[in-house]
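Residues in the first sequence are numbered consecutively from 49, following this note's numbering.
Backbone N, C-alpha and C define an ideal beta-carbon position, used for all residues, glycine too.
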Amino acid sequence: MTLSAENVTAIVDKLYQNETLIAKVPKLRAALGLPDSAEWKTLYSSFGVGRVTAHTLLTHIFSEWVEKNGEEANFMEGLTIRQDNNMAVSPPPGLGKLDPGNTMQSELAKYRMRRMEQTWTPSLNSRFRIGQIPEQIQQQISSLPILSVKAELIEAVKKNRVLIVVGEAGSGKSTQIPKYLAEAGLAEAGLIGCTQPRRIAAKSLAERVSVECGTTVGGLIGYVIRFEKCVSADTVIKFMTDGLLVREFILNPNLSGYSILIIDEAHERTKYTDICFGLLRNVLNENPNLKVIISSATLDKERFSAYFDNAPIFTVSGNMFEVEEIYDQFSRDQLSYLSGVVDKVCSVHFNEGPGHILAFLPGQSDIEKASEQILSRTRNLMGSRHLLKMKIVQCYGLLSLERQNEIFKPAEEGYRNVVLATNVAETSLTIPGIRFVVDCGFFKQSEYDPNTGIEELKMKRITQPQATQRKGRAGRTEKGKVYRLYTKSDLISTFPSTGLPEIQRSNLESVVLQLTVMGFKDVFKFQFMDTPRSDAVCEALEKLQDLSALDEEMRLTPMGRQMAQFPLDPSLAKILVSSSKLRCSEEVLIIVSFLSIQNQSLFNQENYQATKDLVKASMHKFSHRSGDQLMYINIYEEWRSAGRSKHWCVQNHLNAQFLEEVQNIKDQLAEMMKGLHLPIVSCGSNTVAVRQAMCAGFFRQLAKRRGQYDYAKYPDSDRVRGSFFIHPSSSMFPVRPVPSFVMYAEMFRTSKMYMKGITIIDPSWVASEAPIYYKKMRALYPNFG
DNA sequence: GTTAGGGTT
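Here it is in structure tokens:
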């Protein structure tokens, strides 16, 4: 039996609460030369070293106890029962045999223990001390609905391994639950981990809870998101993204070091939340000290409970204001929702009292069109001075952070903000001061077609819970109204009651690789709450095989193990690993860092229509005849020579935040490569090596020019029909003559099938960089490559 | 020829 640091730490803590206990063990006293009346405090203070003494001694006593009795669990009990008896104690290792008369020996012992003390960290519970909290914050905390059920909640967590906590918005569950549990001493066996689907949420919750505990983030309360770590040895509550928890399972399959895991926003059913579910179900059997809390909106609570062996459901009320529902006389179709939104926004603006309006639209182009139409209509009618003036604020994911921050600025005196938003405003952003919501009833969702490997953005009807969520956005600060551009009966009878969980509509390559690395040899046996499509799993298995991450028998290869170390898509990881051998890893590191950033644009999007030509000119300046990826290297290097200057970025219409993120990712990927002994070498201006490395991951993504501007998949398989086009955001879009052969990093279907991230390659490189795929293709298409 | 739902490792 091995002695874990957590056990000893927990015992030391218990003993601290009962200081006389250990001093009553006569042999221990004798060994330390303490007088009979000495208490525990004396025991360590006499050595002047504090807790490390206790730790060392306890370790020794504990291992003796275990050796003798063979039972770890009864140690405390044994100690209590035997406290007045003789307990066999001899000096612990490092102390040597203690002779109270030998000064040199005791001085040396003290010296050693002082050194040990420097690395000593007290246990989690003893660390959790709440500091000074500002009055205002204190008031906010004490008005949260969850406070009234604090004691019951703690009791329920103590009694159960798994608890489903259901709470409406504004209940305070995300901030208060981890704090309550730490205060109640439930972090004894380890950290309290809380997952969130979004990075921004993990970070801001850590910040908020820190304030509520009178500390600064990174101390008692920390967070970890990809490429950003803000925790310390003091951390008791750790916020993280659900994707990061999945990675932790690779390094720490039993989640030792955690006492409780809280999976928050579980109803969103993100891909990683679903994987966490399956992994947690398993780990609950392996790690008897772990508790799990599934925290969710009211949706699906019974299914969560059933999935976790009928775990009890604990309900917390919310803190929402009443929202009046106003339905339309008829439901609008995909052609008329836009004019419906414009009409409704204008009529609310002219007829309703003060309060901001939030309108949900499916996409950016809708937002831009609606902006124009609302502006032109109100301009004509705004002659009368008594009318509230209006300011239109656009809000969608691809907008820069600065622009998104405009939403949080208070409106100018006498102005009403009209926020035109996509789904960002449904969950990710909470906009203050909204009294009116206009809901068009549609949204866009991506679906991955495993058969063709194409991701498609589809316009869809919102689900019933989504409609409730959108409505709720009007009742955060006061009573509100929601205008729905559909009928009540349609909402009840034709809108779907739930959506497809993300795991059933996404690419599973990285999921399958990660589960394989964790030792789940047969992904089909993994107990998902909702099983992914089997064709998607098969497709992922084959792709991983082509990447040589799995062998013919679908077993993990050393290459696959290496790839899984990187927090990247398997294709990108393969490219990075391959680049060392091709002696161009310095350059490929830059490219992979650029490609791994999504949802942020490299070039500025501000005042798009006005600056379009300038942006194009800037892009042209950095462009490279061999494609977008080589342009990234140009941009990175020039940015570095400009001293990473923000001003330089502005001048060149580049997003400074994007480039800083590239730098951060590049540095961390470089560290990981060093850890795997993958050399980082530059190929100078030899772009062939770089482009060959790209082939190691993107070999399936080749296209051959067919018409003037359109491409066909290469090889021209019957699985993917239709024409591909170079996306207008690519630096290769305006290039003449149109390249006859390209490789793309990404394929996206909107109005057309668009290729993004274009590199000019030689198809013969596939033979050396993706030999397995090459052989397969040659068997089907003798002229391939 | 002309463009982008929301997320994550």
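Check	Outcome
Around the Cβ of Ser404, are there at least 16 other Cβ atoms within 10 angstroms (buried) or fewer (exposed)?	The identity of residue 404 in the sequence shown is His, whereas the question assumes Ser. Label assigned to His404: buried.
In the DSSP output, what is Tyr802 paired with across the bridge?	Phe773, Phe796
In this structure, how does DSSP classify Ala827 when only helix, strand and coil are distinguished?	helix
Is the stretch 442-451 in contact with the stretch 379-389, if contact means three or more CB pairs nearer than 8 Å?	no
Just list the residues that DSSP pairs Ser343 with in beta bridges.	Val213
Taking only three categories from DSSP, how would you classify Cys31?	What is shown of the chain runs 49 to 833, which leaves residue 31 out entirely.
Hey, Met288 and Tyr306: beta-carbon distance below 8 Å or not?	no
Quick one: residues in its chain with C-beta nearer than 7 Å to the C-beta of Asp376, no 5 flanking neighbours on either side, listed in chain order?	Arg532, Leu533, Tyr534, Thr535
The alpha helix (DSSP H) with Arg256 in it runs from where to where?	247-260
Taking 8 Å as the cut-off, does the stretch 319-335 touch the stretch 253-270 (at least 3 CB pairs, one atom from each stretch)?	no
State yes or no: is the C-beta of Asn734 nearer than 7 Å to some heavy atom of the ligand FAD?	This structure does not include the ligand FAD; it has no bound ligands of any sort.
Taking a contact to mean a Cβ-Cβ separation below 8 Å, would you say Lys339 touches Val213 in this structure?	no
Between which two residues does the beta strand (DSSP E) carrying Thr363 extend?	361-364
What separation, rounded to the nearest whole angstrom, lies between the Cα atoms of Tyr822 and Gly745?	13 Å
For Thr546, name the three-state secondary structure that DSSP assigns.	coil
Say whether the stretch 452-460 touches the stretch 483-490, bearing in mind that this needs 3 or more beta-carbon pairs closer than 8 Å, one atom from each stretch.	no
Just to confirm, is the Cβ distance from Leu293 to Ile273 under 8 Å?	no
Hey, could you find the ends of the beta strand (DSSP E) Glu504 is sitting in?	502-509
Looking only at its own chain, which residues have a Cβ that is under 8 Å from the Cβ of Ser219, when we skip the five neighbours before and after it?	Leu192, Pro193, Ile194, Val364, Ser365, Gly366, Asn367
Do you know whose CA, among Ser196, Asn652, Gly732, lies nearest Val636's CA?	Gly732
Given that a residue counts as buried once 16 or more other Cβ atoms are within 10 Å of its Cβ, and exposed if not, what is Pro498?	buried
Under three-state DSSP, which class holds Met780?	coil
Considering Cα atoms alone, identify which of Val663, Ala314, Arg329 is closest to Asn302.	Arg329
Hey, Thr511 and Thr546 are a contact pair by Cβ (cut 8 Å); roughly how many whole angstroms apart?	6 Å
Taking just the CA atoms, how far does Gln593 sit from Glu600?	7 Å
The alpha helix (DSSP H) with Asn465 in it runs from where to where?	No alpha helix (DSSP H) contains Asn465, which is instead part of the beta strand (DSSP E) from 463-469.
From this set, Lys529, Tyr444, Asn465, Ala522, which residue's C-alpha is nearest Phe491's C-alpha?	Tyr444
In the DSSP output, what is Ala760 paired with across the bridge?	Lys752
Under the assumption that Ser419 contacts Leu477 (Cβ atoms under 8 Å), give the Cβ distance between them as a whole number of angstroms.	Not quite, the Cβ-Cβ distance comes to about 18 Å (not below 8 Å), so this is no contact.
Helix, strand or coil: which one does DSSP assign to Met679?	helix
Is it the case that the Cβ atoms of Ile341 and Leu211 are separated by a distance below 8 Å?	yes
CB-CB under 6 Å to Asn555, same chain, minus the five flanking residues each way: which ones, in chain order?	Tyr496
With DSSP as the reference, please indicate the residues paired to Glu600 in a beta bridge.	In DSSP, Glu600 forms no bridge with anything.
Could you give the residue range of the alpha helix (DSSP H) that holds Gly291?	290-299
When you compare only the Cα positions, how much space is there between Lys752 and Ser799?	20 Å
Could you check how far apart the C-beta atoms of Asp312 and Thr223 are, in whole angstroms? I think they sit under 8 Å.	Incorrect: roughly 10 Å between the Cβ atoms, too far for contact.
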